[in-house]
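A.B. asks: Counting from 30, one number per residue, gives the positions in the sequence shown under the working numbering.
Where is the CB? At the ideal position from N, CA and C, for every residue including glycine.
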Amino acid sequence: MPRRQLMRSVAFIAIMLTILATSSVTEAAGESYTPPLLISDRPITVSRLIDMARESRAPYRQSLADEDLIGILRAGAVGQFLPSLSAGGSWSNSDSQQESIYVDGIPISQGGTFVNSSSRWYLSANETLFSGLSRYYGYRQAELQVQNMLLATERAYDVLVSDVKSAVYIVLAAERALEVEGEILNQRNEVLRLATTRYETGDVIQIDVMQAEIDVGIQKNAVLSAEQSLQNAHELLNLAVGLDLESDYQVAGELTPVLPAINPDSLVSIAIRARPDLKQQRNLVESNEYGVKVRTADYIPTASAYASYYRSESQSDLFEWSVMPGDRNISYGLNLNWTLFDGFSREVLREQAVITKRKSMWDEHQFEQNISASVRQQWRSLTRLYQQIEVADRNRELARRQLDLEQERYRVGVSNQLNMRSAQVTFVTAEREYLARILDFFTTMATLERDLGMPLEEIAR
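Shown next, in the form of structure tokens:
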């Protein structure tokens with residue numbers, strides 16, 4: 030090869046490597062991600078938060094990224110039925126410098142620069158005509174793998190919805206708790222004002238005023254704790270949605286418990302029918318069954334066909350020559366292979382496949398039982414919490430009426446501060462218990478919907 034052509038080839042290879050390296054860096058830079066920052070004065074609905082989570086939540090996006098393999102998996106499943114093609118070649122070149130040879134002044138060999146070159150290339154194709162249906166079973170396994178990828182995305186969405194709803198409920202409960210703590214602070218400030226007024230008139234002693242001031246200070250700390258809890262709840266919601274942690278917005282919604290009119294006996298069957306991860310397990314059992322059939326096909330003979338084309342050339346400045354018997358060769362044929370004995374390796378592989386299938390069947394059975402138990406427990410918890418909410422709601426109404434009555438009695442001077450503080454403690458306890466039951470109810474509902482694989486609203490229709 031001339032030196033100039035060699036330098037061109039080297040330069041071309043260097044340019045191509047540079048382009049590949051640059052494109053890799055550009056692609057990696059394009060995959061960088063920054064969580065979106067949401068700042069809004071208008072309340073954001075739960076459905077919109079769920080839509081944003083579908084675009085920003087990492088586990089869900091990872092499931093979608095896995096779906097990018099579906100196309101190549103299906104192509105690979107079909108490609109195993111197609112012939113395999115291969116091509117190759119080689120080229121060589123040598124330059125030699127020889128001196129002239131003289132014997133008694135007579136030239137025996139003429140010197141000079143000689144170039145020797147040779148090249149060869151080939152093209153071959155192989156096709157398996159029969160393999161005991163193992164390729165078909167492999168194709169079915171690939172289709173089941175594709176289905177499981179799609180089901181994994183469905184399950185990731187169910188978990189996403191449950192996590193976002195639970196985080197929203199926690200925020201709403203924290204907002205309500207802050208309102209309650211602020212209301213109690215206002216009440217204790219009013220008690221302090223009344224105590225100061227009554228102290229000036231001599232109706233109470235200074236200890237009563239000091240105790241009222243202590244109660245106000247304690248409640249201020251309670252308000253600060255409630256504010257921090259609300260900030261933490263907003264941050265957890267941002268994490269659940271996949272937003273920037275500095276995102277600031279209001280959440281639309283209210284915590285009004287409603288027990289769906291659903292037949293509890295139908296919930297288990299609905300979950301068994303709708304859960305994507307249970308469908309994945311069933312597909313795994315079916316895939317393992319095909320795996321047993323693939324190993325069984327190892328006992329069947331296989332047949333294949335092949336064809337190839339080969340060509341070579343060689344030349345020299347000294348003399349013309351070529352590889353014998355010729356510089357072109359075409360070959361084709363059929364192969365039949367039947368392994369009669371291989372040291373029991375086929376038996377070992379088939380038995381391992383059978384055991385794997387049996388284990389997956391037991392996993393499916395255990396999975397169904399776990400789903401049934403979880404759904405039953407969550408529904409019982411939901412029903413019990415709804416009943417407790419009714420009791421807690423009645424208690425908070427009575428506690429508020431008692432507190433209003435004690436405030437009026439304390440204002441007119443017919444009650445003391447001890448009774449007032451007792452009524453406040455009762456009111457605080459009733460409100461906090463009610464909020465705790467409300468939060469448990471809605472988070473349990475979100476968990477139940479996740480275990481069912483579908484919203485309760487769709488079931489209750």
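#1: Do residue 247 and residue 489 have their beta-carbon atoms positioned less than 7 Å apart in this structure?
#2: Counting only runs that start and end within the stretch 414-447, where is the alpha helix (DSSP H) found for 4 or more residues in a row?
#3: Taking the alpha-carbon positions, what's the residue 243 to residue 304 distance?
#4: What whole-angstrom Cβ distance do residue 284 and residue 202 have, given they're in contact under 8 Å?
#5: Which value, in whole angstroms, describes the spacing of the CA atoms of residue 434 and residue 447?
#6: I believe residue 356 touches residue 341 by the beta-carbon criterion, under 8 Å. Please report the beta-carbon distance rounded to the nearest angstrom.
#7: With residue 163 as the anchor, note down where its alpha helix (DSSP H) starts and where it stops.
#8: Can you tell me the Cβ-Cβ gap for residue 121 and residue 147, rounded? I've got them flagged as a contact below 8 Å.
#9: Taking the beta carbon of residue 110 as the centre, do at least 16 other beta carbons fall within 10 Å, making it buried, or is it exposed?
#10: Would you check if the distance between the CB atom of residue 214 and the CB atom of residue 259 is smaller than 7 Å?
#11: Only counting the same chain, and skipping five residues up and downstream in sequence, which positions put a Cβ closer than 7 Å to that of residue 393?
#12: Between which two residues does the beta strand (DSSP E) carrying residue 362 extend?
#13: Quick one: give me the first and last residue of the alpha helix (DSSP H) that residue 262 is part of.
#14: In whole angstroms, give me the CA-to-CA distance for residue 300 and residue 422.
#15: Using the beta-carbon count (16 or more within 10 Å), is residue 388 buried or exposed?
#16: Would you call the CB atoms of residue 193 and residue 78 closer than 7 Å?
#17: With distance defined between alpha-carbon atoms, name the residue in 217, 265 and 226 nearest to residue 456.
#18: Buried or exposed, going by whether 16 or more other CB atoms sit within 10 Å of the CB of residue 62?
#19: For residue 70, count neighbouring Cβ atoms within 10 angstroms of its own Cβ and tell me buried if that reaches 16, exposed if not.
#20: For residue 171, which residues in the same chain have their Cβ closer than 8 Å to its Cβ, ignoring the five residues on either side in sequence?
#21: So, for residue 96: in the same chain, excluding its five sequence neighbours on each side, which residues have a beta-carbon less than 8 Å away from its beta-carbon?
#22: Considering only DSSP beta bridges, list what residue 152 is partnered with.
#23: Please state if the CB of residue 432 and the CB of residue 452 are separated by a distance shorter than 7 Å.
#24: Is the Cβ-Cβ distance between residue 475 and residue 191 less than 7 Å?
#25: Excluding five sequence neighbours on each side, which residues of the same chain lie with their C-beta closer than 7 Å to the C-beta of residue 329?
#26: Residue range of the alpha helix (DSSP H) that residue 64 falls in?
#27: Going by C-alpha distance, which of 359, 338, 454 and 414 is nearest residue 151?
#28: Are the Cβ atoms of residue 273 and residue 484 separated by less than 7 Å?
#29: Determine the DSSP secondary structure at residue 329, reduced to helix, strand or coil.
#30: Go to residue 73, then tell me how far its alpha helix (DSSP H) extends in each direction, as first and last residue.
#31: Are there 16 or more other CB atoms within 10 angstroms of the CB of residue 230, so buried, or fewer, so exposed?
#32: Where does the unbroken alpha helix (DSSP H) through residue 95 begin, and where does it stop?
#33: What is the rounded straight-line gap between the Cα of residue 278 and the Cα of residue 478?
#34: Secondary structure at residue 478, three-state DSSP: helix, strand or coil?
#35: Using DSSP's beta-bridge definition, name the partner residues of residue 280.
C.D. replies: Concretely, from the data shown:
#1: no
#2: none
#3: 55 Å
#4: 6 Å
#5: 14 Å
#6: 5 Å
#7: 163-229
#8: 5 Å
#9: exposed
#10: no
#11: 310, 311 and 314
#12: 357-366
#13: 235-270
#14: 32 Å
#15: exposed
#16: yes
#17: 217
#18: exposed
#19: exposed
#20: 102, 103, 105 and 106
#21: 178, 179 and 182
#22: 116 and 338
#23: yes
#24: yes
#25: 161
#26: Unbroken run through residue 64: none, as it is neither H nor E.
#27: 338
#28: no
#29: coil
#30: That residue, residue 73, is in no alpha helix (DSSP H); it is neither H nor E in DSSP.
#31: exposed
#32: 87-95
#33: 26 Å
#34: helix
#35: 73
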